Every structure is written in structure tokens, then in C-alpha cells.
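First residue of the sequence shown? That's 321 in my numbering, and the numbers climb one at a time after it.
Let me begin by presenting the structure, written as C-alpha cells, before commenting on it.
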Amino acid sequence: ISDQKPLGCWSVKHGQILTCPVVCNFETHEYIAVHDNKVLRIWKNEDINLDKAFKATLSADVYRIHSLPHGGPLVLFRGGGVRTLDVLLEAPQQEIENVISAEVIRWSGAFMEGQQPVLIFTTEKDGDFFVYVQKPKLRSLHKYKLEQQESAKPLCFTAHITNQTVILLCLYSNHSVYQVLIPLPQDTEEEEEEEEEILSKSLLLNFSVSGAVLKGTSLIVLDKDHVAVLGSLAAPGKKPRECLTIWNTKFQTLQTSKELPLGTSGQLWCYEEKFFLIHGKVLTVIMYKCETSSLAAAVGKLKDSQTPDVSSFVNWNTLEDEELVVSFQSQESVALKAESRMNLRSRRSTVAEEQPETLSVGQLLLNLKDASTYVLETELRQLMAKAPTPDLQATIGCVVTALTDRCKRNPKYYPQNFLQEIVETRDLSYSLCPDLMAVALEKKDMHLLQMCLERFPDIPEEITYACLKAFLSMNEDHLQSIDVNLDSAICYVDVEFNNKEVKTEILENGFSAEMDQDMCDTKIPKESQSSSDCESCPVGLQKAALLNAVLHSAYTETFLLPHLKNLPPGQAILFLRYLYYLYVKCSEKVNTTLPGVRPPTINQIMDWMCLLLDAQFTVMVMLPEAKELLSNLHKFVRAQVRFYSELNKIEGSLRELQRLKHLRESHTYSIEVLEII
Numbered sequence: 321i322s323d324q325k326p327l328g329c330w331s332v333k334h335g336q337i338l339t340c341p342v343v344c345n346f347e348t349h350e351y352i353a354v355h356d357n358k359v360l361r362i363w364k365n366e367d368i369n370l371d372k373a374f375k376a377t378l379s380a381d382v383y384r385i386h387s388l389p390h391g392g393p394l395v396l397f398r399g400g401g402v403r404t405l406d407v408l409l410e411a412p413q414q415e416i417e418n419v420i421s422a423e424v425i426r427w428s429g430a431f432m433e434g435q436q437p438v439l440i441f442t443t444e445k446d447g448d449f450f451v452y453v454q455k456p457k458l459r460s461l462h463k464y465k466l467e468q469q470e471s472a473k474p475l476c477f478t479a480h481i482t483n484q485t486v487i488l489l490c491l492y493s494n495h496s497v498y499q500v501l502i503p504l505p506q507d508t509e510e511e512e513e514e515e516e517e518i519l520s521k522s523l524l525l526n527f528s529v530s531g532a533v534l535k536g537t538s539l540i541v542l543d544k545d546h547v548a549v550l551g552s553l554a555a556p557g558k559k560p561r562e563c564l565t566i567w568n569t570k571f572q573t574l575q576t577s578k579e580l581p582l583g584t585s586g587q588l589w590c591y592e593e594k595f596f597l598i599h600g601k602v603l604t605v606i607m608y609k610c611e612t613s614s615l616a617a618a619v620g621k622l623k624d625s626q627t628p629d630v631s632s633f634v635n636w637n638t639l640e641d642e643e644l645v646v647s648f649q650s651q652e653s654v655a656l657k658a659e660s661r662m663n664l665r666s667r668r669s670t671v672a673e674e675q676p677e678t679l680s681v682g683q684l685l686l687n688l689k690d691a692s693t694y695v696l697e698t699e700l701r702q703l704m705a706k707a708p709t710p711d712l713q714a715t716i717g718c719v720v721t722a723l724t725d726r727c728k729r730n731p732k733y734y735p736q737n738f739l740q741e742i743v744e745t746r747d748l749s750y751s752l753c754p755d756l757m758a759v760a761l762e763k764k765d766m767h768l769l770q771m772c773l774e775r776f777p778d779i780p781e782e783i784t785y786a787c788l789k790a791f792l793s794m795n796e797d798h799l800q801s802i803d804v805n806l807d808s809a810i811c812y813v814d815v816e817f818n819n820k821e822v823k824t825e826i827l828e829n830g831f832s833a834e835m836d837q838d839m840c841d842t843k844i845p846k847e848s849q850s851s852s853d854c855e856s857c858p859v860g861l862q863k864a865a866l867l868n869a870v871l872h873s874a875y876t877e878t879f880l881l882p883h884l885k886n887l888p889p890g891q892a893i894l895f896l897r898y899l900y901y902l903y904v905k906c907s908e909k910v911n912t913t914l915p916g917v918r919p920p921t922i923n924q925i926m927d928w929m930c931l932l933l934d935a936q937f938t939v940m941v942m943l944p945e946a947k948e949l950l951s952n953l954h955k956f957v958r959a960q961v962r963f964y965s966e967l968n969k970i971e972g973s974l975r976e977l978q979r980l981k982h983l984r985e986s987h988t989y990s991i992e993v994l995e996i997i
């Protein structure tokens with residue numbers, strides 16, 4: 321999620337339906353899914369075809385699979401039966417008991433109490449709600465009936481276990497949250513509760529703020545004093561607005577809220593101190609950190625809340641892509657930090673204790689907003705030098721953000737050397753300074769873009785495409801005057817010196833431009849032959865080095881392909897010519913490796929060539945100037961396929977020769993003639 325990179329995608333066959341959420345087995349690092357209610361699938365990340373993954377057909381319909389970090393996966397069936405995955409896999413067709421009768425499961429959750437997994441689920445029957453508490457390993461089951469509420473019914477549930485007590489929170493349709501306490505019995509042997517115990521509930525929260533009522537759809541417990549609610553806020557005479565709210569249950573106060581104008585799916589997830597919610601068409605991730613609740617925090621009267629751009633409780637700015645103001649907040653309150661999908665990557669959510677006599681990083685940057693260039697850069701250098709190790713990455717990201725913000729405010733200001741120094745000497749990523757490459761593109765700082773492409777692991781495909789387009793459009797004469805790193809290209813790119821071509825490569829495996837007769841069966845005019853000859857690089861040395869940086873950048877084909885379709889035809893042909901040149905150069909070497917420092921690999925060249933042809937194939941087929949290039953590329957690939965086919969035919973003989981060499985090592989000069997039949 322943080323890198324915007326799909327790591328894997330698996331699909332069921334047409335007509336099959338995934339019937340419960342897929343989970344990860346923390347112990348074996350496997351994925352577990354159920355399709356068509358009864359078919360269990362288990363696979364690993366490296367598996368490609370889901371149809372070939374492990375398959376087991378069960379005897380009953382599955383409601384949900386819960387995965388616990390130290391307790392293993394638990395499978396809850398629609399009839400209320402529970403099995404651990406290990407026990408279930410021993411006999412997939414084992415009979416599953418029906419615990420509930422004519423009841424429908426509405427919610428379930430799994431927890432660890434000591435070394436024992438505990439599964440809790442709620443059911444509904446004719447308007448009555450029931451709560452089941454199970455310990456699968458002890459085969460312990462307890463059933464309770466929820467006290468009825470007049471003119472209101474539960475909409476959603478959540479729970480947590482504290483001090484041997486299950487604390488069940490119920491969000492009701494009357495816009496209130498009720499709390500139910502269920503003592504967790506210490507079972508030592510198999511038993512089943514015979515009589516239903518009616519559970520009483522107590523009012524925990526009422527969602528009413530200044531005449532407006534929050535109609536919640538999802539409820540999550542953050543800690544013993546805070547809950548998060550996703551829902552719509554309805555005020556008299558106004559249109560309902562969807563929002564995410566944080567409530568302090570100890571002091572009965574609304575801690576903070578954020579309107580979500582693009583709408584949500586009504587679902588809110590929480591995992592490892594991060595919220596996950598669908599906002600419009602975007603998955604939004606919000607990091608939070610809960611600290612000890614206090615009355616000052618509940619009413620927003622903390623001592624350090626005077627910073628104008630930073631809320632004492634939460635900074636929502638990045639959720640709206642506004643100017644980022646980074647704050648290291650004190651530990652007196654619950655600190656939530658919202659991260660947009662482009663800014664989440666590898667940034668650390670840091671909550672550091674603020675020294676009373678030392679300005680926070682956010683406050684220091686605000687004070688330097690209008691400082692002179694010399695003062696700004698001097699203070700920022702000192703800030704990076706003095707930053708403590710845990711906060712170093714975030715601090716450097718703040719420094720770069722401050723510099724790029726000034727660049728946007730003042731078009732004449734651009735600290736090229738300072739920015740290049742930071743990128744070259746610091747371990748940065750795109751997410752720490754998302755505006756840096758955009759500013760470099762605007763300033764046409766090719767060297768800085770090259771450094772970012774070579775060092776940043778999380779560059780969005782849109783920015784990678786923008787760099788590629790900028791590199792291809794640059795004039796060769798202008799590039800001659802630009803300082804770029806040539807190490808990746810200088811050892812193999814053929815350059816012209818005094819109008820004489822200088823070649824330093826030696827053909828090691830017989831490949832050349834005329835390696836196959838098919839390569840020369842098309843008559844080409846002399847004028848075009850010299851320009852299309854694959855032996856000379858179609859771009860200059862500087863442009864080749866810049867394009868190599870693009871080839872090294874990580875990408876996802878699904879996201880990059882739409883951008884490559886917009887590449888102008890002339891630039892697409894030039895880029896394909898360069899890739900073809902690299903392809904031929906790699907084929908000249910036995911080990912298909914280009915010389916130099918971090919040159920493109922054969923896999924990178926092939927992947928980009930295929931991607932470019934997929935994106936631009938229709939255009940290239942229609943362009944007369946691309947016909948010759950596609951023809952030569954086709955013939956070269958066909959010749960290689962033929963060559964490797966011949967090698968495969970004599971593979972057995974070559975292995976036999978290798979065996980004979982080990983058996984008979986002659987220390988004297990000799991000539992041997994071996995006949996290969």
C-alpha cells in the first residue's frame with residue numbers, strides 16, 4: 321500500500337466467487353481463501369496460478385477465517401462450528417456441528433487470551449441478538465442473550481479482551497454505543513453452557529454534537545479510552561456528510577473529526593496502528609498513536625497546541641494534499657498523523673518528546689519560511705547534522721520539503737547543489753520528499769532526476785514517465801553542457817570523435833549486424849542505412865546515461881502502460897531504437913552483460929522493449945519510419961531463437977565433452993579431434 325506497487329494478483333475461475341475475506345497465515349506466510357462457500361484454497365506469494373494451489377472441499381459453509389499472529393488461523397462455519405486450520409486440514413470432510421439453529425451470524429472476532437485463542441461471534445434470530453464465546457482448543461462454548469433495546473437494534477459490533485473480561489461494544493441505530501461486559505470463564509475441560517444468560521448493557525457514548533447526529537456504520541476500538549467511528553453527520557436542514565470521528569469514551573467528548581466529501585464504502589479497518597478506509601476511489605491510510613488520555617487532551621487544551629497549522633490531536637493536512645507541516649508532538653495526548661496515499665511510503669510516524677527550550681522541527685521550519693537564502697540553508701544544514709538517529713529520515717524529508725516549498729513560492733530560487741548533495745549523501749525516498757522530482761522536472765535539472773531515479777525505490781509511474789519524456793525531448797547539444805553521471809554508458813556506447821567512430825567492443829560469440837542472412841535480405845537506401853545501423857548508438861552519451869536511469873527504476877506494468885501510450889511517436893521510436901541497440905550489444909557478449917558501473921541488464925532491456933511495443937504497437941505499425949526498425953528487430957530476435965535452438969540440439973554433446981575434460985586432464989600439448997554426430 322505504501323509503495324503503490326501491486327505485489328501479486330490471483331483470480332478464481334469464471335463463475336467462482338470468493339465468499340469470505342482472504343487472510344494471511346502469520347506462521348507459514350501463506351494466503352487462505354474460500355470460494356463458493358466450501359472450497360478452501362491455500363497458496364504462497366510466489367505461486368502464480370490460483371487454480372493450481374492447494375485445494376480442499378469442506379463439508380460445511382464457511383462464514384469467516386480469522387488469523388491470529390500466535391494462535392494460527394481459525395475457521396468459523398455458518399452453523400457456528402469452529403476449527404483450527406490444522407485440525408480441519410487433517411480431515412477436510414469431517415462433520416461440522418451446528419451450534420446455532422435458525423440464527424444468522426452478524427459479526428465475529430478472534431483474540432488471544434494468554435496462549436489460548438478466543439473466538440467471539442454474534443447472531444440474530446427474530447430480532448433477538450445472541451453472543452457466543454468459544455475457546456476452540458478447549459472445546460469450550462458459552463452462549464449469552466443480549467438485552468433488548470426498545471426501538472433500536474445493533475448495527476455493528478467490536479470487542480477486545482482486558483483482564484479476563486470480554487468488552488463488547490455495540491453501535492445501535494439510535495446513534496449510541498453500548499458496552500457489554502462478559503467475564504471470560506477459565507475452562508479446564510470440555511463444557512457447554514446449558515442456560516442462556518441475559519447480558520445487560522450500559523451506555524458508553526451518544527453521538528450528538530451541537531444538534532447534529534452521527535449515524536455510524538463502522539466502529540473500532542483504538543484503546544481503552546478512544547474509539548473511531550465512520551458514518552454520516554446529519555444536521556437539521558443540511559445534507560448528511562460522511563466523516564471519520566475519534567471519540568474519547570472516558571470524558572464523553574468528540575476528540576476530532578474529518579469530513580470525507582468523496583464518500584466511503586462504510587467500512588473502516590484498523591491494523592497495526594493504521595486506519596484503512598475507502599475514500600472515493602482511493603484507499604486512504606491514516607497512522608495514529610494512542611497515548612495516555614487526559615482531560616486537557618480531551619478538551620483540546622494541551623500546552624503545545626498553540627502551533628497554528630497543527631492540531632493538538634491530529635494533523636489532517638496531508639489527507640487533502642495541502643502543504644505538509646510536520647510536527648513532532650508531545651506524548652501527553654493521542655497523536656494521529658494522516659498520510660495521503662502518495663506520502664505514506666517509508667515515512668516514519670514519529671512522536672518525540674519535545675524539549676521545553678528547543679523548537680520542534682515543524683515550528684523551526686515555520687520560522688524559517690521567510691528567512692534569507694543563506695540563513696535558510698545554514699539552519700537546515702545544522703538541523704540535519706543535529707537530528708537524532710530515530711528522527712533523521714523524517715527530519716531530512718522536512719528539510720527537502722522546506723526547500724521545494726520555497727522553490728514553488730519563488731521561481732528564481734533553486735538550490736541545485738544543496739539538493740543534489742542531500743540526495744547523494746542521504747538515504748531518501750520519494751515519499752519523504754514527494755515534490756522534489758516535480759520541481760526538478762520544472763527546472764530541467766537532469767542530473768538530479770538521474771540521481772533520484774537511481775536511488776529512490778518508490779517513484780510513481782507517472783513521474784517515471786515524465787522523466788523519460790523529458791530525457792527523450794532534450795536536445796543533444798544542450799545535453800553536452802549538462803553534468804550527468806556517465807558511468808553506466810561510457811564503456812559500451814559508441815561515440816564519434818573527429819567524425820571517426822571509435823569502437824572498443826570485441827565480438828565474443830559471433831554476433832554482428834550481419835549475424836544471419838535474414839538480417840540483410842531487405843535493401844535499404846544508403847542514406848537511411850547509416851542512420852538505422854544498429855552498430856551506432858541512436859542517442860548521445862549523456863542521453864544514454866539518463867535513459868539508463870529510467871531503465872533501472874522500479875515500476876508496475878499496469879500503472880506504467882497507460883502513460884507510455886501517450887508517448888509521442890517520434891520519442892517512442894527513438895527509445896525503441898536505443899533499446900534495440902542495447903539488446904544487440906548485450907547479445908554480443910557471451911554472458912549478455914554490458915560493461916560499466918550499473919549498466920542496464922538484459923532483463924530490464926527486454927521488459928522495457930516489450931512494454932513499449934505493447935503500448936505503441938498500433939502506432940508503430942502505421943508509421944513508415946518504424947517499419948525498418950520493427951523488421952530488423954524481428955529478424956534479430958528470430959536469428960537468436962534459431963541460434964539458441966541449435967545450441968539446445970548439441971547440449972547433450974557439450975555435456976559429454978565437459979565430462980571427458982574432467983576425466984582426462986592432459987598436462988602436455990595435444991590436438992584432439994572429436995566428431996559430434
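Heads up, the beta-carbon is just placed ideally off N, CA and C, and yes, glycines get one too.
Keep in mind the model is a prediction, meaning the values are calculated, not measured.
Asked: Please look up how many angstroms separate the CB atoms of GLU544 and THR482, rounded, as I've assumed it's under 8 Å.; Found: Rather than Glu, the amino acid found at residue 544 in this sequence is Lys. Indeed, because the Cβ distance is near 7 Å, the residues count as touching under 8 Å.
Asked: For PRO719, does the three-state DSSP call read helix, strand or coil?; Found: What sits at residue 719 in the sequence shown is Val, not Pro. Helix, per DSSP.
Asked: Just the C-alpha distance for ARG979 and ILE970, rounded to the nearest angstrom, thanks.; Found: 14 Å
Asked: Grab me the residues of VAL743's own chain with a C-beta within less than 7 Å of its C-beta, minus the 5 sequence neighbours each way, in chain order.; Found: LEU768, MET771, CYS772 and ARG775
Asked: Quick one: using the 10 Å Cβ neighbour count with 16 as the cut-off for buried, is ASN730 buried or exposed?; Found: exposed
Asked: Are the beta-carbon atoms of LEU439 and VAL402 separated by less than 7 Å?; Found: yes
Asked: In terms of residues, what are the limits of the alpha helix (DSSP H) holding LEU308?; Found: Absent from the model: residue 308. The displayed extent of the chain is 321 to 997, so no value can be given.
Asked: Closest by CA to SER387, which one among THR404, GLU516 and LYS375?; Found: THR404
Asked: Output the distance between the C-alpha atoms of LYS863 and GLN736, rounded to the nearest integer angstrom.; Found: 20 Å
Asked: Excluding sequence positions up to five away, which residues of its chain have a Cβ less than 6 Å from the Cβ of LEU582?; Found: HIS599 and GLY600
Asked: What are the boundary residues of the beta strand (DSSP E) that includes LYS609?; Found: 602 to 609
Asked: Starting from the C-beta of VAL332, find all residues in its chain whose C-beta is less than 7 Å away, skip the five residues before and the five after it, and write them out in chain order.; Found: LEU338, HIS355 and LEU370
Asked: State buried or exposed for GLY391, treating a residue as buried only when at least 16 other CB atoms are found within 10 Å of its CB.; Found: buried
Asked: Within the continuous alpha helix (DSSP H) that includes ILE783, where are the two ends?; Found: 781 to 793
Asked: Give the range of the beta strand (DSSP E) segment to which GLN469 is assigned.; Found: It is not in any beta strand (DSSP E) - GLN469 carries neither H nor E in the DSSP assignment.
Asked: Quick one: is ILE518 buried, meaning 16 or more other Cβ sit within 10 Å of its Cβ, or exposed?; Found: exposed
Asked: Among the candidates MET940, ILE606, SER585 and THR584, whose CA atom is the shortest distance from the CA of TYR591?; Found: ILE606
Asked: Tell me whether TRP330 sits in a helix, a strand or coil according to DSSP, three-state version.; Found: coil
Asked: Please report the distance separating the alpha-carbon of PHE791 from that of PRO393.; Found: 51 Å
Asked: Near TYR900, what residues of its chain come up, given a Cβ to Cβ distance below 8 Å and the 5 sequence neighbours on each side ignored?; Found: CYS854, MET929, LEU949, ASN952, LEU953 and PHE956
Asked: Roughly how many whole angstroms lie between the Cα atoms of LYS947 and MET940?; Found: 7 Å
Asked: Under three-state DSSP, which class holds ILE337?; Found: coil
Asked: Can you tell me whether MET771 is helix, strand or coil according to DSSP?; Found: helix
Asked: CA-CA distance, PRO754 and SER793?; Found: 23 Å
Asked: What residues match up with TRP363 in a beta bridge as DSSP calls it?; Found: TYR351
Asked: Helix, strand or coil: how does DSSP classify THR485 here?; Found: strand
Asked: When you compare each of PHE477, LYS445 and GLY890 to VAL541 by their alpha carbons, which one comes out closest?; Found: PHE477
Asked: Tell me whether the beta-carbon of LYS535 lies closer than 7 Å to the beta-carbon of GLY551.; Found: yes
Asked: Using 8 Å as the threshold, is the stretch 376 to 387 in touch with the stretch 345 to 355, meaning 3 or more CB pairs across them?; Found: yes
Asked: Expressed to the nearest angstrom, what Euclidean distance is found between the alpha-carbon atoms of ARG398 and GLY335?; Found: 22 Å
Asked: Which term fits ASN568, buried or exposed, when burial requires 16 or more other beta carbons within 10 angstroms of its beta carbon?; Found: buried
Asked: According to the neighbour-count rule (16 or more other Cβ atoms, all chains shown, within 10 Å of its Cβ), is TYR498 buried or exposed?; Found: buried
Asked: How about ASP367 and ALA373: are their beta carbons less than 7 Å apart?; Found: yes
Asked: Taking DSSP as the reference, what is the three-state secondary structure of CYS857?; Found: coil
Asked: For TYR464, I'd like the list of residues in its chain whose CB is within less than 6 Å of its CB, leaving aside the five on either flank, ordered along the chain.; Found: VAL451, GLU517 and LEU519
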